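Under this note's numbering, residues 41 to 576 are what the sequence shown spells out, in order. Heads up, the beta-carbon is just placed ideally off N, CA and C, and yes, glycines get one too. From a predicted model like this one, the values you see are computed outputs, not experimental measurements.
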Amino acid sequence: MSSDAADIDLSRYTDGRDRYVNFAEEVLDIRLTEQQRRLLRALAEHRRVIIMSGNGPGKSFGIAIAKVAFLVTNLNSTVLGTSGSYSQYVDAVWRPMKQLHAQLNARLPVDLGTPNDGGQPTLEIEDDWFAKVVSPRDPGDLEGRHAESMLVIIEEADKAYITEEHFDSAGSSITDGNDRMVAICNPPEDEANPVYQRLESDRWHTIQFSSLEAHNVMVDAGEIDAEKIPGVVGLEMVREDWEAWNDEPWPGLEEARRVSDPDSEDFREDLDARWYRRRAGVVPPAGARAHRPFTKSDVEAAWEREPEYYPAQPEAWSVDVARAGGDETVAGAVFGDMLELPYRSQGTEHVEQAERITQTFESYDDGPAAVDAVGEGSGLADMLAARFPEVIRFNAGGEPSDTKSFYDAWAEGLHLLGKWLQEGGCIDDRKLYEELLVAARTLEFEERHLASRGHSGSKVLKLTSKSELKKQLGHSPDRLDAAYMAVWARDAEAGVPSATASLGGDNDDARNEFKNSEIGQAVAEFQERNRKGFRR
41 MSSDAADIDL SRYTDGRDRY VNFAEEVLDI RLTEQQRRLL RALAEHRRVI
91 IMSGNGPGKS FGIAIAKVAF LVTNLNSTVL GTSGSYSQYV DAVWRPMKQL
141 HAQLNARLPV DLGTPNDGGQ PTLEIEDDWF AKVVSPRDPG DLEGRHAESM
191 LVIIEEADKA YITEEHFDSA GSSITDGNDR MVAICNPPED EANPVYQRLE
241 SDRWHTIQFS SLEAHNVMVD AGEIDAEKIP GVVGLEMVRE DWEAWNDEPW
291 PGLEEARRVS DPDSEDFRED LDARWYRRRA GVVPPAGARA HRPFTKSDVE
341 AAWEREPEYY PAQPEAWSVD VARAGGDETV AGAVFGDMLE LPYRSQGTEH
391 VEQAERITQT FESYDDGPAA VDAVGEGSGL ADMLAARFPE VIRFNAGGEP
441 SDTKSFYDAW AEGLHLLGKW LQEGGCIDDR KLYEELLVAA RTLEFEERHL
491 ASRGHSGSKV LKLTSKSELK KQLGHSPDRL DAAYMAVWAR DAEAGVPSAT
541 ASLGGDNDDA RNEFKNSEIG QAVAEFQERN RKGFRR
């Protein structure tokens, strides 16, 4: 025990509406945001609480405070926590909780145990007095727990991992007036989400937080005279998100609040869905704009305008390789503001196609070229790699260049294509135009948390699948594939390939069988001719 430990009377913190607020401010010595005070008061007063919030007002740290406060001030209590993004919960809630616990151990004249990070992270004060993190993979781990006081927390409750079974199992542990259940979420995207039903239920006390009311936003706006609190969103970020997502100038904080409040007569239903969910903290209305890589108007503008910058040399090019059926092998090239499709051929005569594509691009300077290298495309990629040193073996389902922002190269490539269109890109191929129009109404981004990306995991954008776009088109989007791959080759982190998109050929064991196949022999023959000076 620290020699500086204070003899604190805990009786002040066991009763009343402000018991957990008092504990946080006086024992943990924390400057609380107003949102965190509301959270802690709701925990003291209501058996079931659901917190629907935008990003950045400090709710996750508030939950860490709530867990410590509940555990320490309720003798022989049990605190269980789970999340739709398990690793994010460990980082955003468990680690801050451990830090608070360490500070508390130094201040109180008692031993409050030591956290154990192995397996399911646990903080055990005594055998029947503990906090534990539970994986969302088994909802049964939340079921039938009993203690003198029980707190069950479900973070990221709107995410796909959290189902009705999680709520039912957790609810079975809430048996008397000492027990509490708290769910924390971003606004759900539709009524099918189990969170939506709780928001509409009289059994649940609902709290709604908006980033527009965050402590640091109000400090920046001069609405309160206080110091900023680390980790809480500020006005600059809110303003940047408004302009980026809604494609409008910032209207000022008061106007943004009015048009984002469903109870206001000025409420707008045409803003980007991300703005409603991540900043306003409200369920997006039916008319909200989905987060798409590009819009119909972006495509129409690209079809109608003339390029301002149209160099003689392509900045990058690509090849989407035909499979069986009516697919096309299509080569695309980016010439500044112009995207051309200089080669198109139906069928799978890949040796002949490689020769024609070589003829198309060999007169140009070398530049990055993304070639579809999945399945049947692998052979054609080998042939082109023998001639062009900057060929990138591209896999749409593989890791993107920007692993902290996108789920896969498909999502990254379509994002970059949309950015290129919005910055003045032009097209003149009618079928590409038609494919892009269908894609503009079909493709939507959704946010996913991947624990494998970065030290603490990353929230990344996942795009509607290519198979869904193919179903809407009635055929494979070969020209769109060539278009976005060309832009990707030019713009994705200097075209640096990832683990699944590599320069030139690769030599892994998985391709040995291919090299001995009929098409593999054709590749070898093509490469040999090329080494001997084959040109057409």
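Taking every protein chain shown into account, the CB of Pro324 has 16 or more other CB atoms within 10 angstroms, so this residue is buried. Annotated three-state conformation of Tyr383 is strand, per DSSP.
The DSSP-derived three-state label of Glu463 is coil. For Asn156, the enclosing beta strand (DSSP E) stretches over residues Thr154 to Asn156. DSSP, read as helix, strand or coil, puts Val359 in strand.
Counting along the chain, Trp528 sits inside the alpha helix (DSSP H) bounded by residues Asp518 to Asp531. Sixteen is the threshold: since fewer than 16 other Cβ atoms of the shown chains lie within 10 Å of the Cβ of Tyr404, the residue is exposed. The criterion of a C-beta distance shorter than 8 Å is satisfied by Arg57 and Ala84. Buried is the label assigned to Ser123, since at least 16 other Cβ atoms lie within 10 Å of its Cβ. For the pair Gly387 and Ala362, the CB atoms are nearer than the 8 Å cut-off. In the DSSP assignment, Asp55 falls outside any alpha helix (DSSP H) and carries neither an H nor an E.
Beta-bridge pairing by DSSP links Glu166 to Trp169. Setting aside the 5 residues that flank it on each side, Asn256 is surrounded in the same chain by Lys268, Ile269, Val272, Val273 and Gly274, each with a C-beta closer than 7 Å to its C-beta; the list follows chain order.
Per DSSP, reduced to three states, the secondary structure at Arg88 is strand.
At a Cβ-Cβ threshold of 8 Å, Gly407 and Ala356 count as neighbours.
In the structure shown, Lys336 adopts helical secondary structure according to DSSP, grouped into three states. DSSP places Leu501 in the strand class (E or B) of the three-state scheme. Lys99 is classed as buried because its beta carbon has at least 16 other beta carbons within 10 Å across all chains shown. By the 16-neighbour rule on beta-carbons within 10 angstroms, Tyr349 is exposed.
Take the alpha-carbon of Gly366 and the one of Leu513: they are about 13 Å apart. Secondary structure at His245: strand, using DSSP grouped into helix, strand and coil. When C-alpha distances from Ile165 are compared across Ser117, Ala479 and Leu80, the shortest belongs to Ser117. Apart from the 5 residues on each side of it in sequence, Cys225 sits with its Cβ closer than 6 Å to the Cβ of Met92, Ala197, Asp198 and Val235 in its chain, given in chain order. For Asp469, same chain residues with a beta-carbon under 7 Å away, outside a window of 5 residues either side, are Leu381 and Arg519 in chain order. Distance from the Cα of Asn114 is smallest, within the candidate group Trp134, Asn218 and Ala284, for Asn218. By the CB criterion at 8 Å, Val173 and His141 fall outside the cutoff. Looking from the CA of Ala364, the closest CA among Glu346, Phe375, Gly415 and Ile90 belongs to Gly415. DSSP, reduced to helix, strand and coil, places Ile214 outside both helices and strands of the structure shown, so it counts as coil. It is roughly 28 Å from the alpha-carbon of Lys502 to the alpha-carbon of Ile103. Of the candidates Pro354, Glu439, Thr246 and Glu368, Pro354 places its Cα closest to the Cα of Thr400. Beta-bridge annotation (DSSP): Thr122 is paired with Ile194.
Ranking Asp377, Glu204, His331 and Arg87 by CA distance to the CA of Glu346 puts Asp377 first. The region 404–475 is shown to contain whole beta strand (DSSP E) runs of 3 or more residues at 409–412 and 431–434, in chain order.
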